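Working notes, structure below.
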Amino acid sequence: MADEEIFRAETRAWLEANCPPAMREPVTGLDDVYWGGRNGRFSSPEQQAWFEAMAARGWTVPDWPKDYGGGGLSPSETKILREEMAALGCRSPLHSFGIWMLGPALLKFGTEEQKRRYLPDIAQGRIRWCQGYSEPGAGSDLAGLQTRAEDKGDHWLVNGQKIWTSYADKADWIFCLVRTDPAQKQGGISFLLFDMASPGVSTRPILLISGSSPFCETFFDDVKVPKEQIVGAVNQGWTVAKYLLGHEREMISAMGFGSGDPSLGRDLAERLGAFANPVLRAEVALHDVDMLAFRAMSEKFLDEFKAGLAHPAQPSMMKYAGTELNKRRLELEMAAGGTDALVWGDDNAVSRHWLRSKANSIEGGTSEIQLGIIAKHILNLPGA
Numbered sequence: 005m006a007d008e009e010i011f012r013a014e015t016r017a018w019l020e021a022n023c024p025p026a027m028r029e030p031v032t033g034l035d036d037v038y039w040g041g042r043n044g045r046f047s048s049p050e051q052q053a054w055f056e057a058m059a060a061r062g063w064t065v066p067d068w069p070k071d072y073g074g075g076g077l078s079p080s081e082t083k084i085l086r087e088e089m090a091a092l093g094c095r096s097p098l099h100s101f102g103i104w105m106l107g108p109a110l111l112k113f114g115t116e117e118q119k120r121r122y123l124p125d126i127a128q129g130r131i132r133w134c135q136g137y138s139e140p141g142a143g144s145d146l147a148g149l150q151t152r153a154e155d156k157g158d159h160w161l162v163n164g165q166k167i168w169t170s171y172a173d174k175a176d177w178i179f180c181l182v183r184t185d186p187a188q189k190q191g192g193i194s195f196l197l198f199d200m201a202s203p204g205v206s207t208r209p210i211l212l213i214s215g216s217s218p219f220c221e222t223f224f225d226d227v228k229v230p231k232e233q234i235v236g237a238v239n240q241g242w243t244v245a246k247y248l249l250g251h252e253r254e255m256i257s258a259m260g261f262g263s264g265d266p267s268l269g270r271d272l273a274e275r276l277g278a279f280a281n282p283v284l285r286a287e288v289a290l291h292d293v294d295m296l297a298f299r300a301m302s303e304k305f306l307d308e309f310k311a312g313l314a315h316p317a318q319p320s321m322m323k324y325a326g327t328e329l330n331k332r333r334l335e336l337e338m339a340a341g342g343t344d345a346l347v348w349g350d351d352n353a354v355s356r357h358w359l360r361s362k363a364n365s366i367e368g369g370t371s372e373i374q375l376g377i378i379a380k381h382i383l384n385l386p387g388a
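Just so we're aligned: the sequence shown equals residues 5 to 388 in the working numbering.
Below you can see the structure in the form of structure tokens.
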């Protein structure tokens with residue numbers, strides 16, 4: 005315990021000295037976070053300084069081994085770092101699907117060569133990744149995907165289409181599910197990694213009703229992928245995919261925390277003043293109570309998840325709870341704002357976030373699918 009307290013004090017002092025004041029303010033929009041990659045751009049010198057300081061310590065991925073670019077922190081030290089960053093309001097130095105999704109899958113299923121090739125680049129923000137899962141005919145039924153990879157001896161030849169590929173137009177590489185055996189469904193899927201600059205890869209943005217979107221259609225036309233860029237065994241990609249989905253759903257559930265002030269009531273009071281409607285005040289208060297409960301549940305889940313003790317279906321429970329809470333929060337913000345909230349404004353307008361939140365119950369697995377998983381695997385309901 006004494007060692008942990010020493011680590012906490014040292015961490016707090018380091019964060020206070022190295023996190024610029026501007027990086028302790030809430031994010032203001034889509035252009036106010038750093039995604040890294042070949043074409044990564046910092047929005048300010050403070051953002052660059054903060055990223056470089058954290059990356060130098062391996063604290064973009066504090067719990068990854070040092071050999072792979074991480075900080076080598078224990079679970080308890082990682083938790084302390086997270087708590088101290090939250091206490092100071094420190095932003096995440098690097099947003100990355102490589103950190104949130106691919107990295108954990110590589111740590112579990114990748115070869116030693118793959119870990120040393122890809123993980124340090126993820127930790128240092130040198131590669132920006134996108135996820136090639138959903139297809140026009142394989143959304144909720146992901147195992148029905150038809151993008152195929154043919155064995156050509158010294159390479160795979162990939163043909164097909166993905167949809168809802170977040171930031172595909174900005175990504176450097178993709179982690180992609182492909183069909184390598186048409187005779188099997190889940191047992192005929194493999195997990196490939198390849199460069200989005202490869203000949204035959206093209207993307208087309210999808211515009212949402214909110215006025216902006218990270219989503220794209222992604223097309224593969226005779227894309228050659230080196231044989232060694234398969235993760236796990238041939239036709240065993242579904243195992244890798246399911247493990248990664250658990251991390252994706254854990255990532256998406258974090259939107260339940262909202263942004264800025266965790267108390268919606270306090271946030272609305274500061275921005276809008278007191279509002280007289282007693283029903284709305286009660287709903288906002290109930291939201292804040294549920295938010296506190298969700299935070300407590302998330303803390304317990306994250307400890308169990310990192311220790312490998314979480315129920316395999318728990319990420320679905322967290323994803324469902326977090327996305328529904330985020331949708332409620334934005335509905336209440338719209339109600340409290342009245343007609344003023346309908347103003348379209350800039351990319352950070354409440355109306356845009358409200359419209360965008362409607363996709364929360366679809367992306368990463370629909371709410372209906374999550375409820376089915378919860379009913380079957382956690383509640384053990386008959387017929388589920």
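Backbone N, C-alpha and C define an ideal beta-carbon position, used for all residues, glycine too. Note that the structure is predicted; figures quoted are calculated from it, not measured.
Rounded to whole angstroms, what's the CA-CA distance from residue i to residue j? Just pull it up for me.
{"i": "isoleucine 126", "j": "glutamine 188", "result": "33 Å"}
{"i": "histidine 159", "j": "isoleucine 234", "result": "10 Å"}
{"i": "asparagine 281", "j": "aspartate 344", "result": "16 Å"}
{"i": "lysine 166", "j": "tryptophan 358", "result": "26 Å"}
{"i": "serine 267", "j": "serine 355", "result": "19 Å"}
{"i": "glutamate 232", "j": "serine 48", "result": "38 Å"}
{"i": "tyrosine 72", "j": "lysine 119", "result": "7 Å"}
{"i": "alanine 300", "j": "leucine 34", "result": "28 Å"}
{"i": "proline 186", "j": "glutamine 150", "result": "8 Å"}
{"i": "lysine 310", "j": "proline 30", "result": "26 Å"}
{"i": "aspartate 173", "j": "leucine 249", "result": "22 Å"}
{"i": "phenylalanine 219", "j": "cysteine 180", "result": "16 Å"}
{"i": "proline 316", "j": "valine 347", "result": "42 Å"}
{"i": "threonine 370", "j": "alanine 286", "result": "29 Å"}
{"i": "alanine 245", "j": "glycine 157", "result": "24 Å"}
{"i": "lysine 304", "j": "asparagine 163", "result": "42 Å"}
{"i": "valine 65", "j": "methionine 105", "result": "12 Å"}
{"i": "leucine 383", "j": "lysine 323", "result": "16 Å"}
{"i": "glutamate 14", "j": "glutamate 50", "result": "22 Å"}
Would you give the residue range spanned by the alpha helix (DSSP H) that residue i belongs to?
{"i": "histidine 357", "result": "354-361"}
{"i": "valine 288", "result": "282-310"}
{"i": "leucine 375", "result": "371-377"}
{"i": "threonine 327", "result": "318-341"}
{"i": "phenylalanine 113", "result": "107-113"}
{"i": "proline 79", "result": "79-92"}
{"i": "asparagine 22", "result": "6-22"}
{"i": "leucine 272", "result": "268-276"}
With burial defined as no fewer than 16 other Cβ atoms inside 10 Å of the residue's Cβ, what is the status of residue i: buried or exposed?
{"i": "leucine 85", "result": "buried"}
{"i": "serine 302", "result": "buried"}
{"i": "arginine 183", "result": "buried"}
{"i": "threonine 115", "result": "exposed"}
{"i": "tryptophan 68", "result": "buried"}
{"i": "threonine 32", "result": "exposed"}
{"i": "glutamate 337", "result": "buried"}
{"i": "serine 78", "result": "exposed"}
{"i": "glycine 342", "result": "exposed"}
{"i": "valine 229", "result": "buried"}
{"i": "proline 25", "result": "exposed"}
{"i": "leucine 329", "result": "buried"}
Measuring CA to CA, which of the options is closest to residue i?
{"i": "glycine 376", "options": "Pro24, Ser144, Gly33", "result": "Ser144"}
{"i": "glutamine 240", "options": "Leu197, Gly192, Phe223", "result": "Gly192"}
{"i": "glutamate 372", "options": "Leu346, Thr327, Arg332", "result": "Thr327"}
{"i": "glutamine 128", "options": "Ser100, Ser170, Asp155", "result": "Ser100"}
{"i": "methionine 89", "options": "Leu19, Glu154, Thr243", "result": "Leu19"}
{"i": "asparagine 22", "options": "Asp36, Asn43, Arg61", "result": "Arg61"}
{"i": "isoleucine 213", "options": "Lys362, Leu146, Trp54", "result": "Lys362"}
{"i": "aspartate 225", "options": "Leu334, Ala314, Trp168, Arg152", "result": "Arg152"}
{"i": "glutamate 139", "options": "Thr222, Leu123, Val205", "result": "Thr222"}
{"i": "alanine 340", "options": "Gly236, Arg270, Lys380, Val227", "result": "Arg270"}
{"i": "proline 203", "options": "Gly41, Ile210, Trp177", "result": "Trp177"}
Taking 8 Å as the CB-CB limit, is residue i close to chain C?
{"i": "alanine 353", "result": "The structure shown has no chain C; it contains just one protein chain."}
Entirely within the region 125-206 and at least 3 residues each: give me those beta strand (DSSP E) ranges in chain order.
The qualifying runs are 133-136, 152-155, 159-166, 177-183, 193-199.
Could you pull out every unbroken beta strand (DSSP E) segment of at least 3 residues lying fully inside the region 206-248, listed in chain order?
220-230
Within the region 29-62, ranges of the beta strand (DSSP E) (whole runs, at least 3 residues):
none
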